[in-house]
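Chains as they are written, first to last, in this note's numbering: chain A, 37 to 553; chain B, 37 to 553.
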């Protein structure tokens, strides 16, 4: 059995005291143990602040971009071993593990290519300058400089590789050192990745530290230039955001939390059309990929009443093809959940939804599984529900069931009605709209845009190219308002703003325009 | 005596119950009374949300720009009457009152001109698009849409006109209705401005409501799409930011709080040079304008040790020309403070500073005043201090004395030493750097940039054009990290982001690029 370690203050350190057990979700057996007992969290923050930060700030964007590309390559070189770990400790299917890992290396590489376009400078200009005085001699510019603090990254259990890499890529490119804390339950993959990066000497010392367990009193040692980025539950997000030290010091906090993402089928979409097939394919992928343990997974499926029965039949047919079981097997499409607690939460959540929606596919019973002990592993099969009365359901819009579970909500076909229902989610990461009708699409963007960080517009012309609504791409921002936490990550330069200070410069145009060039 | 009213839910309403007294700072006499007792705060929020918001969102940027220009003109038309109110209730000199009022109308007009450049659309695109799929058919864009909530503006007592207008200009242009709450002590000017805007029919109903007193339980009625923007003390900012309802709902909160702004004199600047004179002129203006009651006022003056005596002599000589007294008189340059509480705070603050710095000009005693009763009014004369030992002073870097008070801190002449001292303020709104040495300027930007929202670079070539470091211009962002609250306002499009939702759009390039155009 493996004992995970922490990488802190330039050395690997095993946690002291009682360690936490990590399990193989397929068998329920313990596969590792970890802890952060004895780690001096203030020393961790100081090390990042005084060693990692200056080293990164000394580098230009081009140099940091090269760092990211090296990190991507180093991790990719160990892809097979990392996939094996993800299958064992994450319970991921090999395909799901690749989605996580290739997402990690792909995001690092994409940010590397983006960083290269900023070039051989340490200061980024923000838009154009502007005349401030009577003549253009007194001039204004805005620049972005790296915050002189530490990025603390607290990640979710579902994407141990991608979560670590996407947050680190952005912070590093901005010039800010990282203390990363994977979710303890699935920390093996993150620990292995950090080991690769440290062994390969890819990042400057102090730019990356790892806590393979509880963050202890880390938040008490955060200062005004630090940044906390969290992905996880709304309850934990609220706790972090309420932390007195963070509030007193104006520590920047970015949160990605619960999200009841919607898929909306336009009234123009005919059964059998390309857009119709894309819609069905995406919804089934979103329900079953990672066993539905994705913050971007579709939870609410809004379809015109007139066609709801047909949608339900088609989805049930497709879901019945999705085998649940041992994720190491090629034919298995739905993995176990990541932990016993998650399985129990999902079952309880389905019961809550069932109070106002009929289960039309699957159940909360122990499912039939391929090549595994269905009761020892953390299995829940896909469950599709259908709201009994769209006007009176609330749990469907408020309770995120973090598993292979979604609910069909029949609505009137017009954009305004659909938008009103979608907005009941009170802020989501993403909504997908399936339509080839430009008017409907435009009306939906205006109707639900303010409530989302991203809108995925599925249509016939893109059906053969998209990666699905759940894929979080480095070129598009990720995050949503309200219930989704109000955060914003990625989107190339946009995600870097969290780690930078925007500074207005006012002075002699001749000097300002030649600085840093 | 005037009784101020609230403008809520489409009607003027006088507060019920006990009203709060407002005073004339020059005489200490009561000049008005006000309160919000009996105002239904939930109804106020609902009115903004359901009446004002939709009306503003229906307008294009061009139409909202026209609204701002009309608001600017309407207020400007009543300039003289508003100045009289500011002298009476604010205790402002006429020059200080004009600074506030012309700042208000100027910011509205500048945002109007800026809004006109966005044009006849409701959706703003954010940068360029990007290819997401194998071909450019699957395409990504980002747009900004108005948040479907209410902007609650809680303003400071020092700029009742400008504070109301600069926040409202940005929110309205973004398409978001405003509930504005001036500081109660100086609410007469804000109340008069809202009366002008309502009487003239400049803003659509519901786009502007006024609370001329306590906000009551308003925060309990804020929702996930709402925005709170606050300017005032760090203590109140912390209280607002800690409010459970705001934390739970991811309500966006923007705070401008305490700021120990620095002026840094470069080692290259020779006594008698243009840059030297600009430095002295700016520092004296910052200390005395609005009696130092400006969030951007200079509190810490860093000068090379070798020249500290000369700087001190020059500043003392100039300060001795600044008459304190009845602000209605042309020859008076330093007004009373806004309230008895402010006067007492400033006196206590100077005592605190005096524990580690020598008072080299003025005192906390009742000053000699022109044409006023020095003990009845809230007078404090300018006080200049000089730190005894830069290495061991702390209050100078931590305690904002909100009056005509600043401290000289002698430092070694190099940029690194000066930057290290400036950073002890733990985040400020603005620092001003006086130098004609490009290397020194560049080193200071990199050395203190991350700790500031704005750097004002005073040099010989701009000495005849600048408005001083304390002027907050609509083209430059205003706000600072850490102690300064972490907020960001103005800067044209930059300030609008607080009121908008950025949405990533993914779909058919052909559709995306023709939407909203």
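C-beta atoms are modelled at their ideal positions from N, C-alpha and C, and glycine is treated no differently. None of these values were measured; they are calculated from a predicted model.
Beta-carbon separation (whole angstroms), residue 539 of chain A vs residue 494 of chain B, contact threshold 8 Å
Residue 539 of chain A to residue 494 of chain B, Cβ: 16 Å. No contact.
Going by C-alpha to C-alpha distance, which of B:437, B:230, B:516, B:178 sits closest to residue 196 of chain B?
B:230
May I have the straight-line CA-CA distance separating residue 72 of chain A from residue 180 of chain A, to the nearest angstrom?
Approximately 35 Å, taken between the alpha carbons.
Please check the pair residue 210 of chain A and residue 536 of chain A, which I expect to be a contact at CB under 8 Å, by giving their CB distance rounded to whole angstroms.
About 5 Å separates the two Cβ atoms, so the contact holds.
Using 8 Å as the Cβ pair cut-off and three pairs as the minimum, do the segment 374-391 of chain A and the segment 344-357 of chain A touch?
no
With burial defined as no fewer than 16 other Cβ atoms inside 10 Å of the residue's Cβ, what is the status of residue 468 of chain B: buried or exposed?
buried
Have a look at the DSSP bridge pairing and note the partners of residue 125 of chain B.
According to DSSP, residue 125 of chain B bridges with nothing at all.
Nearest chain A C-beta to residue 488 of chain B closer than 7 Å, yes or no?
Yes, because at least one Cβ of chain A sits closer than 7 Å to the Cβ of residue 488 of chain B.
Does DSSP classify residue 281 of chain B as helix, strand or coil?
It is helical.
Just list the residues that DSSP pairs residue 395 of chain B with in beta bridges.
Partner(s): B:421.
Return no unless some Cβ of chain B is closer than 7 Å to the Cβ of residue 474 of chain A.
yes
Residue 174 of chain A and residue 305 of chain B: beta carbons closer than 7 Å?
no
Check the DSSP bridge columns for residue 68 of chain A and list the partner residues they point to.
A:38, A:58
List the whole-angstrom C-beta distance separating residue 238 of chain B from residue 103 of chain B, where the pair is believed to meet the contact cut-off of C-beta under 8 Å.
7 Å
Check whether chain A comes within 7 Å of residue 292 of chain B, counting only Cβ atoms and requiring the distance to be less than that.
Not one chain A Cβ lies under 7 Å of residue 292 of chain B.
Cβ-based burial, residue 346 of chain B [other Cβ within 10 Å; buried from 16]
exposed
Residue 47 of chain B to residue 247 of chain B span [Cα, whole Å]:
If you take the alpha carbons of residue 47 of chain B and residue 247 of chain B, they lie about 12 Å apart.
Using the C-alpha atoms, what's the distance from residue 328 of chain B back to residue 43 of chain A?
Roughly 50 Å separates the two Cα atoms.
Could you check which residue in A:83, A:517, A:504, A:226 has the C-alpha nearest to that of residue 40 of chain A?
A:226
Determine the burial state of residue 403 of chain B: buried for a count of at least 16 other Cβ atoms within 10 Å of its Cβ, exposed for fewer.
buried
What residues from the segment 256-280 of chain B come within 7 Å of chain A, judged by C-beta to C-beta, listed N to C?
Within the segment 256-280 of chain B, the qualifying residues are 260, 261, 274, 277, 278.
Pick out the complete alpha helix (DSSP H) segments inside the segment 490-532 of chain B, 4 residues or longer, and give them in chain order.
529-532
Where the beta strand (DSSP E) containing residue 247 of chain A begins and where it ends:
Where residue 247 of chain A is concerned, there is no enclosing beta strand (DSSP E), given that its DSSP letter is neither H nor E.
Identity of the residues DSSP links to residue 208 of chain B by a beta bridge
DSSP, once it has assigned bridges, lists no residue as partnering residue 208 of chain B.
So, residue 397 of chain B versus residue 373 of chain B, is the Cβ gap smaller than 7 Å?
no
Cβ pair count under 8 Å reaching 3, the segment 498-509 of chain B against the segment 151-165 of chain B
By the Cβ criterion, the segment 498-509 of chain B is not in contact with the segment 151-165 of chain B, since fewer than three pairs of Cβ atoms, one from each stretch, lie closer than 8 Å.
Given that residue 493 of chain A touches chain B, what residues does it touch there, using C-beta distances under 9 Å?
541, 542, 543, 544, 547, 548
Residue 178 of chain A versus chain B: which residues are under 8 Å apart at the beta carbon?
512, 513, 527, 530
Contact list for residue 98 of chain A against chain B, beta-carbon separation under 9 Å:
None at all; the shortest Cβ gap to chain B is about 17 Å.
Within this structure, are the beta carbons of residue 219 of chain B and residue 192 of chain B separated by less than 7 Å?
yes
In whole angstroms, give me the CA-to-CA distance for residue 400 of chain B and residue 520 of chain B.
26 Å
For residue 370 of chain B and residue 117 of chain B, the rounded distance between their alpha carbons:
Each residue's alpha carbon lies about 21 Å from the other.
Can you list the residues of chain B that residue 182 of chain A reaches, using a CB-CB cut of under 7 Å?
486
Quick one: list the residues of chain B neighbouring residue 213 of chain A, beta-carbon separation under 9 Å, in chain order.
Result: empty, since nearest Cβ-Cβ is about 14 Å, beyond 9 Å.
Would you list, in chain order, the members of the segment 162-176 of chain B that have their beta-carbon closer than 9 Å to a beta-carbon of chain A?
162, 163, 166, 167, 168, 169, 170, 171, 173, 174, 175, 176
Run through DSSP, which three-state label would residue 549 of chain A get?
coil
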